[in-house]
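Notes to accompany the following structure.
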Amino acid sequence: MARFIYRMQSILDIKTKMEEQARMEFAAARMHLDEEEEKLQILNDRKAAYENKGRELRKDSLKVREILENREAITRMEEFIAFQMQQVRLAEERLEDARYKLQVARQESKTQEKLKEKAFDAFMREENAREAKEVDELTSYTHGRK
């Protein structure tokens, strides 16, 4: 039996490597998004702590300076949170871009794999036809000699 050689194997290999690279880029984008969301959560927690502290300051005796500092801290946290929300949105956009690239790479590699399967099926049909022809010739030769 002849050996099957897929003539576009190098293209399939390249497409597979591109898919793997896209998968790695997607994972990196996912990790970056998780980090940005974690930073946002930390900022929200800090803001909540400042708000709690502000409520406590207002319950006790009036310490105007501490209350003003607390309000300033809350304002700064809101600014940091707004900036961090922008960073999260950017990370989400990068993740979507990476997801799209991964989807395209998967489609291309699957297409090449299907082409390889079809080429292999065609090869097997040709090989089976060739073997059947050899068997027929051998049978004809054997019957012809008798």
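Per this note's numbering, the sequence shown starts with residue 5, numbered consecutively.
Every residue gets a Cβ at the ideal spot worked out from N, C-alpha and C, and that includes glycine.
Margin query: If the criterion is Cβ atoms closer than 8 Å, does the pair Gln88 and Lys21 meet it?
Written below: no
Notebook entry, point to check: Are there 16 or more other CB atoms within 10 angstroms of the CB of Tyr54, so buried, or fewer, so exposed?
Noted result: buried
Next item on the list: Along the alpha helix (DSSP H) that carries Phe87, what are the first and last residues, could you check?
Entry: 68-149
Checklist line | Terminal residues of the alpha helix (DSSP H) in which Tyr1 lies | finding: With the chain covering 5 to 150 only, the question about residue 1 has no answer from this structure.
Checklist line | Integer Cβ distance of Ala33 from Leu99, believed to fall under 8 Å | finding: 4 Å
Notebook entry, point to check: Rounded to a whole number of angstroms, what is the C-alpha to C-alpha distance between Ile78 and Leu16?
Noted result: 56 Å
Next item on the list: Would you check if the segment 59-74 and the segment 123-130 touch, i.e. whether three or more CB-CB distances between them fall below 8 Å?
Entry: no
Next item on the list: Take Met39 as the anchor and find which of Glu138, Gln91, Gln111, Glu117 has the nearest alpha-carbon.
Entry: The identity of residue 39 in the sequence shown is Glu, whereas the question assumes Met. Per the Cα distances, Gln91.
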